[in-house]
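Per my numbering, the very first residue in the sequence shown carries number 2; after that it's consecutive. No residue lacks a Cβ here, since even glycine has one placed at the ideal position from N, Cα and C.
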Amino acid sequence: MCLLVGAGYAGLQYSAKAPWSKQFNFALAALRFAVVSFLCYLLLAPLIKTTTTRTEQPTVVLAVDNSQSVELFTPKPVLSQATAGLARLAETLRSRGFAVETRSFTSSTARPARLDSLRFSAATTDLDQLLAGTRDAYDGRNLAGVVLVSDGLANQGRSPAYSEFSFPIYSVALGDTVPKKDLLLTGLTYNRVAFSGNKFPIEAELGFEGYAGGTATVELREGRRVLDSRRVALPAGRRRARVAFQLTAPAPGKRRYEVRVVPQPGEFTELNNQRTAFIEIVKGKLRVLLAGAAPHPDLKALRAAILANDNFDLTLALPGVAPLKADADFDVAILHQLPAQGGLGNEIVAQVKARRTPALYVIGAQSDLGSYNQQGAGLTIQARGAQTDEVTPLANPGFARFATDEESARRFAQYPPAPVPFGDYRLGAGAEAALWQQVGRVATQKPLLVFGGPQERRQATLLTDGSWQWRLSEAVEHDDRPEAYDRLIIRTLQLLTQNANKKRLDVYPTQDAFGTQDDVTLGAETYNAVFERLYNQKIDLVLTDAKQQTRRFSFSNAEDGSPLHLGPLPEGLYRYQARATLGGQAQQDAGELLVQAQPLEALESKADHNLLAQLARRSGSRLYYPAQLDQLAQDIQKANYKPVITAEEDLKDLINLKWIFFVLLAFLTVEWALRKYSGSV
Numbered sequence: 002m003c004l005l006v007g008a009g010y011a012g013l014q015y016s017a018k019a020p021w022s023k024q025f026n027f028a029l030a031a032l033r034f035a036v037v038s039f040l041c042y043l044l045l046a047p048l049i050k051t052t053t054t055r056t057e058q059p060t061v062v063l064a065v066d067n068s069q070s071v072e073l074f075t076p077k078p079v080l081s082q083a084t085a086g087l088a089r090l091a092e093t094l095r096s097r098g099f100a101v102e103t104r105s106f107t108s109s110t111a112r113p114a115r116l117d118s119l120r121f122s123a124a125t126t127d128l129d130q131l132l133a134g135t136r137d138a139y140d141g142r143n144l145a146g147v148v149l150v151s152d153g154l155a156n157q158g159r160s161p162a163y164s165e166f167s168f169p170i171y172s173v174a175l176g177d178t179v180p181k182k183d184l185l186l187t188g189l190t191y192n193r194v195a196f197s198g199n200k201f202p203i204e205a206e207l208g209f210e211g212y213a214g215g216t217a218t219v220e221l222r223e224g225r226r227v228l229d230s231r232r233v234a235l236p237a238g239r240r241r242a243r244v245a246f247q248l249t250a251p252a253p254g255k256r257r258y259e260v261r262v263v264p265q266p267g268e269f270t271e272l273n274n275q276r277t278a279f280i281e282i283v284k285g286k287l288r289v290l291l292a293g294a295a296p297h298p299d300l301k302a303l304r305a306a307i308l309a310n311d312n313f314d315l316t317l318a319l320p321g322v323a324p325l326k327a328d329a330d331f332d333v334a335i336l337h338q339l340p341a342q343g344g345l346g347n348e349i350v351a352q353v354k355a356r357r358t359p360a361l362y363v364i365g366a367q368s369d370l371g372s373y374n375q376q377g378a379g380l381t382i383q384a385r386g387a388q389t390d391e392v393t394p395l396a397n398p399g400f401a402r403f404a405t406d407e408e409s410a411r412r413f414a415q416y417p418p419a420p421v422p423f424g425d426y427r428l429g430a431g432a433e434a435a436l437w438q439q440v441g442r443v444a445t446q447k448p449l450l451v452f453g454g455p456q457e458r459r460q461a462t463l464l465t466d467g468s469w470q471w472r473l474s475e476a477v478e479h480d481d482r483p484e485a486y487d488r489l490i491i492r493t494l495q496l497l498t499q500n501a502n503k504k505r506l507d508v509y510p511t512q513d514a515f516g517t518q519d520d521v522t523l524g525a526e527t528y529n530a531v532f533e534r535l536y537n538q539k540i541d542l543v544l545t546d547a548k549q550q551t552r553r554f555s556f557s558n559a560e561d562g563s564p565l566h567l568g569p570l571p572e573g574l575y576r577y578q579a580r581a582t583l584g585g586q587a588q589q590d591a592g593e594l595l596v597q598a599q600p601l602e603a604l605e606s607k608a609d610h611n612l613l614a615q616l617a618r619r620s621g622s623r624l625y626y627p628a629q630l631d632q633l634a635q636d637i638q639k640a641n642y643k644p645v646i647t648a649e650e651d652l653k654d655l656i657n658l659k660w661i662f663f664v665l666l667a668f669l670t671v672e673w674a675l676r677k678y679s680g681s682v
């Protein structure tokens with residue numbers, strides 16, 4: 002049909018008498034026939050299929066452990082034999098049609114290593130990462146196998162014995178399997194946080210080689226002062242011993258303790274004889290005084306809410322029943338209906354005020370409102386007789402010191418009404434309402450829970466003695482889990498004692514100590530006034546070394562927990578100061594971090610050829626030694642790895658080929674030019 006259309010179009014165009022020769026007329030008709038026929042063909046959307054064939058030779062990867070331990074503990078003749086043998090192996094395999102590439106700890110996927118420029122300088126060994134990186138880089142390619150050249154000592158990442166690899170591993174063993182005579186600290190076990198005044202342990206694991214049957218001296222130091230020293234027996238037939246130190250936590254702050262094994266004659270190295278523990282000493286559990294004018298259901302509800310949290314110690318005081326000791330000291334007090342009418346419990350109020358203890362006042366029927374107004378709690382109450390309102394709590398969305406989640410607000414709305422004094426309320430300077438009163442379905446601007454008082458003695462006021470109904474009702478409705486009520490009480494106490502339990506800005510090293518080759522990182526945590534986590538807060542940090550040279554950094558604590566990266570630092574003890582503005586208040590933290598010139602590669606001298614043999618055996622291969630590299634080349638050739646031929650087909654619309662457009666345009670241009678030149682109109 003396309004040819005007929007082209008022929009018909011050309012016949013109509015050139016059937017009339019023309020001023021040129023007959024042969025010239027047939028030539029022009031042929032051009033028109035070709036163009037029109039092909040244009041009609043393109044309307045049918047024809048496709049063109051192309052097939053590309055590629056041949057990929059089998060690839061052998063030389064995965065070389067270029068860590069420092071290989072050069073330190075491999076005899077020099079053996080290491081020279083291995084490097085020369087690897088070059089010969091690569092040349093032999095290439096001559097047999099293999100592609101050979103080299104990877105190491107210091108190479109990248111984009112730039113594989115070269116055997117002639119290989120240096121054994123890597124500060125750590127992660128064999129699993131080396132093999133897994135090879136697997137990922139050659140995924141989908143014709144990978145014949147991996148020649149793993151290593152001493153088998155891994156001090157980073159997990160053991161490759163727990164990973165699965167789909168390619169053969171030809172292990173070549175380097176290093177020395179004869180252990181060196183040495184004492185070393187293999188680890189410290191301790192908690193990063195300890196409570197001031199409490200005892201806490203630091204447990205050290207001591208490794209020994211060549212000293213079995215003897216003893217070693219282990220010291221615990223703080224700075225230059227030896228806090229404790231232990232004589233540890235080194236049992237025959239074992240390579241590990243443990244020693245535990247018990248310390249009493251001093252005043253709050255960050256402490257650095259060093260555990261050190263005293264060197265002995267003949268010891269291979271002293272670099273592994275010392276480890277450092279950084280411990281944050283914080284104030285102990287918050288001590289809460291719960292004092293009431295008389296027995297009341299509220300006291301039981303408040304007591305249950307407080308004891309549900311392990312961070313609080315509680316003491317109950319009732320005038321005439323359980324009097325308060327004169328020397329008692331507390332972090333926060335709950336004064337239920339105190340000050341009371343008739344002066345009941347005034348000695349408790351006086352003691353709390355004299356010690357400047359933060360207090361939560363619970364207003365009830367026995368409260369002396371005149372005496373309460375004189376306490377400076379940030380709220381003045383002018384009652385109108387003995388009348389009360391029945392209210393439920395309503396969260397104040399403008400209160401920023403702690404947030405009320407949607408679930409808690411929903412539970413508040415379901416609480417039964419509780420009595421509050423009917424009268425006028427006036428908030429003092431700096432006082433804020435965390436809860437409003439809701440009367441029936443009417444939301445009011447009258448306070449129910451108020452925070453106020455001077456900065457040095459924070460105070461709060463709960464304007465009802467019927468909150469026990471709230472806890473009881475919530476426990477019934479939610480399977481004995483009054484979480485909203487308990488959270489409200491705990492957050493109130495935390496806000497009153499925010500300087501007594503925890504810092505709102507906490508910046509800390511992510512490791513006990515860093516090596517000079519490590520990327521030094523600092524973690525950061527920020528909290529609001531009731532210690533709920535905050536994120537994306539700007540933190541400024543100043544790092545000072547022993548020579549008083551400073552470095553300045555600015556970063557944010559992201560939600561994914563990514564730390565601040567300082568990069569490698571020279572050996573030494575560094576002190577840092579961090580500052581941030583949280584909720585409009587300036588916060589700061591300080592601490593120190595240790596960078597040690599303690600190469601991990603020198604900590605273990607005995608090569609682990611068992612690991613190398615296990616990796617090879619699992620993949621169907623075996624273990625080789627540097628003198629057997631020629632045999633390794635023959636075994637790889639005998640495995641008869643084949644090239645992989647791949648063919649790719651590609652379909653394209655013919656109309657998308659640009660050159661066709663220019664050919665058609667050329668034909669039309671030639672036809673038009675010839676007609677004009679020959680005299681056609």
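Residue i to residue j, Cα distance in whole Å?
{"i": "Leu336", "j": "Leu361", "result": "6 angstroms"}
{"i": "Asn657", "j": "Val664", "result": "13 angstroms"}
{"i": "Val147", "j": "Ser68", "result": "18 angstroms"}
{"i": "Leu73", "j": "Leu652", "result": "59 angstroms"}
{"i": "Gln157", "j": "Ala628", "result": "29 angstroms"}
{"i": "Gln265", "j": "Pro236", "result": "17 angstroms"}
{"i": "Glu210", "j": "Glu281", "result": "34 angstroms"}
{"i": "Ala31", "j": "Cys41", "result": "15 angstroms"}
{"i": "Ala444", "j": "Arg505", "result": "33 angstroms"}
{"i": "Gln14", "j": "Glu650", "result": "42 angstroms"}
{"i": "Asn199", "j": "Ala250", "result": "6 angstroms"}
{"i": "Thr54", "j": "Tyr139", "result": "20 angstroms"}
{"i": "Thr218", "j": "Leu185", "result": "12 angstroms"}
{"i": "Gln388", "j": "Val440", "result": "14 angstroms"}
{"i": "Asp299", "j": "Ala476", "result": "15 angstroms"}
{"i": "Gln495", "j": "Val531", "result": "6 angstroms"}
{"i": "Leu29", "j": "Thr52", "result": "37 angstroms"}
By the three-class DSSP mapping on this structure, what secondary structure does residue i have?
{"i": "Lys286", "result": "coil"}
{"i": "Arg412", "result": "helix"}
{"i": "Gln566", "result": "Correcting the residue identity first, residue 566 is His in this sequence and not Gln. It is a strand residue."}
{"i": "Lys18", "result": "coil"}
{"i": "Gly158", "result": "coil"}
{"i": "Tyr678", "result": "helix"}
{"i": "Gly86", "result": "helix"}
{"i": "Tyr577", "result": "strand"}
{"i": "Asp299", "result": "helix"}
{"i": "Gly214", "result": "coil"}
{"i": "Ala111", "result": "Here the model assigns Ala111 a pLDDT of 47, short of 50, so the residue's position is not dependable, and the following value carries that caveat. DSSP places Ala111 in coil when its eight states are reduced to three."}
{"i": "Thr670", "result": "helix"}
{"i": "Glu484", "result": "helix"}
{"i": "Thr662", "result": "Residue identity differs from the one stated: residue 662 is Phe in this sequence, not Thr. Correct three-state label for Phe662: helix."}
Within 10 angstroms of the Cβ of residue i, are there 16 or more other Cβ atoms? Answer buried if so, exposed if not.
{"i": "Ser118", "result": "exposed"}
{"i": "Ala111", "result": "Because the pLDDT at Ala111 is just 47, under 50, the model does not fix this residue reliably, and the value given afterwards should be weighed accordingly. When all chains shown are included, Ala111 counts as exposed."}
{"i": "Asp520", "result": "exposed"}
{"i": "Lys77", "result": "exposed"}
{"i": "Ala46", "result": "exposed"}
{"i": "Arg33", "result": "buried"}
{"i": "Lys447", "result": "buried"}
{"i": "Val227", "result": "exposed"}
{"i": "Ala674", "result": "exposed"}
May I ask whether a heavy atom of the ligand FMN can be found less than 7 angstroms away from the beta carbon of residue i?
{"i": "Val262", "result": "Among the components modelled here there is no ligand, and therefore nothing to report on the ligand FMN."}
Problem - Every unbroken beta strand (DSSP E) inside the segment 302-389 [3 residues or more] - result: 313-318, 333-337, 360-363
Practice task
Mind the definition here: the segment 101-108 touches the segment 188-199 only if three or more C-beta pairs lie below 8 angstroms; say whether that holds.
Solution key: no
Exercise for the section: Would you mind listing the beta strand (DSSP E) stretches within the segment 243-273 that are 3+ residues and don't spill past its ends, in chain order? Expected result: 254-262
Problem - Every unbroken beta strand (DSSP E) within the segment 488-520, with a cutoff of 3 residues, ordered by chain - result: 506-510
Problem - Every unbroken alpha helix (DSSP H) inside the segment 592-627 [4 residues or more] - result: 610-619
Exercise for the section: Would you check if the segment 83-99 and the segment 623-641 touch, i.e. whether three or more CB-CB distances between them fall below 8 angstroms? Expected result: yes
Problem - At least three beta-carbon pairs within less than 8 angstroms, the segment 331-349 to the segment 278-294 - result: yes
Practice task
Could you tell me whether the segment 397-416 touches the segment 376-385, using the rule of 3 or more Cβ pairs below 8 angstroms?
Solution key: no
Practice task
Specify whether the segment 430-437 and the segment 450-466 touch according to this definition: at least 3 beta carbon pairs, one from each stretch, less than 8 angstroms apart.
Solution key: yes
Exercise for the section: Could you pull out every unbroken alpha helix (DSSP H) segment of at least 4 residues lying fully inside the segment 11-73, listed in chain order? Expected result: 23-43
Problem - contact_flag[the segment 637-647, the segment 246-258] where n(CB pairs < 8 angstroms) is 3 or more - result: no
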